[in-house]
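Structure first, then comments.
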Amino acid sequence: MSDTKKFLYVNRKPPYGTIYALESLEVVLIGAAFEQDVSLAFLDDGVFQLTRGQNTDAIGVKNFSPTFRALGDYEVTKLYVERESLEARGLSEGDLQEITYEDEDDDWEEKPSIRVVSRAEMAKIMADQDVVLSF
Numbered sequence: 023m024s025d026t027k028k029f030l031y032v033n034r035k036p037p038y039g040t041i042y043a044l045e046s047l048e049v050v051l052i053g054a055a056f057e058q059d060v061s062l063a064f065l066d067d068g069v070f071q072l073t074r075g076q077n078t079d080a081i082g083v084k085n086f087s088p089t090f091r092a093l094g095d096y097e098v099t100k101l102y103v104e105r106e107s108l109e110a111r112g113l114s115e116g117d118l119q120e121i122t123y124e125d126e127d128d129d130w131e132e133k134p135s136i137r138v139v140s141r142a143e144m145a146k147i148m149a150d151q152d153v154v155l156s157f
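Under the numbering used here, the first residue of the sequence shown carries the number 23, and numbering increases by one thereafter.
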């Protein structure tokens, strides 16, 4: 019997201006290190955490968006983005970073980690988790 629990980290806050986004990333990496089945969900302003070409020079904080690309190394390969949240902010899938992982079950083929899902699909994903943590 496996002790692996499904953890979903829900990100609703914009990437900068609060500490939530960065903290969530740190918690995710810790959870992944303990071999939990970790996924991330991005809703509301949380979708901005994954947009490409973030420039934080003007606000004087570290741009941590490249850290998302390291998640695959920690077996965190499911980043769910709510389509309605993107559309409400004038964004599309093309505005998001390319984040991939190497699928060890498929000859290490690179596959996309970001999955854009509908609000209804997101509700199902959330219902399927053992633990849901919001940031």
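We put the beta carbon where it would ideally sit given N, CA and C, even for glycine.
Using CA coordinates, which residue listed in the options is at the minimum distance from residue i?
| i | options | result |
| --- | --- | --- |
| Asp-67 | Leu-47, Pro-134, Glu-106 | Glu-106 |
| Asp-25 | Glu-57, Leu-93, Leu-72 | Glu-57 |
| Arg-141 | Ala-110, Thr-99, Tyr-123 | Ala-110 |
| Ile-136 | Glu-126, Lys-146, Gly-112, Gln-71 | Gln-71 |
| Asp-127 | Met-144, Ile-147, Glu-97 | Glu-97 |
| Met-144 | Ile-52, Phe-64, Phe-90 | Phe-64 |
Quick one: residues in its chain with C-beta nearer than 6 Å to the C-beta of residue i, no 5 flanking neighbours on either side, listed in chain order?
| i | result |
| --- | --- |
| Tyr-31 | Ser-46, Val-50, Leu-62, Leu-155 |
| Glu-115 | Val-138 |
| Lys-28 | Asp-59, Gln-151, Asp-152 |
| Ala-55 | none |
| Gly-53 | Phe-29, Val-60 |
Does DSSP put residue i in a helix, in a strand, or in coil?
| i | result |
| --- | --- |
| Thr-89 | helix |
| Lys-28 | strand |
| Phe-157 | coil |
| Ser-107 | helix |
| Val-49 | helix |
| Glu-120 | coil |
| Asp-125 | strand |
| Leu-113 | coil |
| Arg-141 | helix |
| Lys-133 | strand |
| Asp-152 | coil |
| Lys-100 | strand |
Measure the C-alpha to C-alpha separation of residue i and residue j and round it to an integer number of angstroms.
| i | j | result |
| --- | --- | --- |
| Ala-149 | Val-103 | 16 Å |
| Glu-124 | Ala-92 | 11 Å |
| Leu-118 | Gln-76 | 10 Å |
| Thr-99 | Lys-146 | 18 Å |
| Glu-48 | Trp-130 | 26 Å |
| Glu-120 | Ala-80 | 24 Å |
If I measure Cβ to Cβ from residue i and keep anything under 7 Å in the same chain, skipping five residues before and after, which residues do I get?
| i | result |
| --- | --- |
| Thr-122 | Gly-94, Glu-132, Lys-133, Pro-134, Ser-135 |
| Phe-90 | Leu-72, Gln-119, Ile-121 |
To the nearest whole angstrom, what separates the beta carbons of residue i and residue j, a pair I think is in contact under 8 Å?
| i | j | result |
| --- | --- | --- |
| Leu-101 | Thr-73 | Contact flag wrong, Cβ pair sits at about 13 Å. |
Could you tell me whether the Cβ of residue i comes closer than 8 Å to any Cβ of chain C?
| i | result |
| --- | --- |
| Lys-27 | This model lacks chain C altogether; it includes just one protein chain. |
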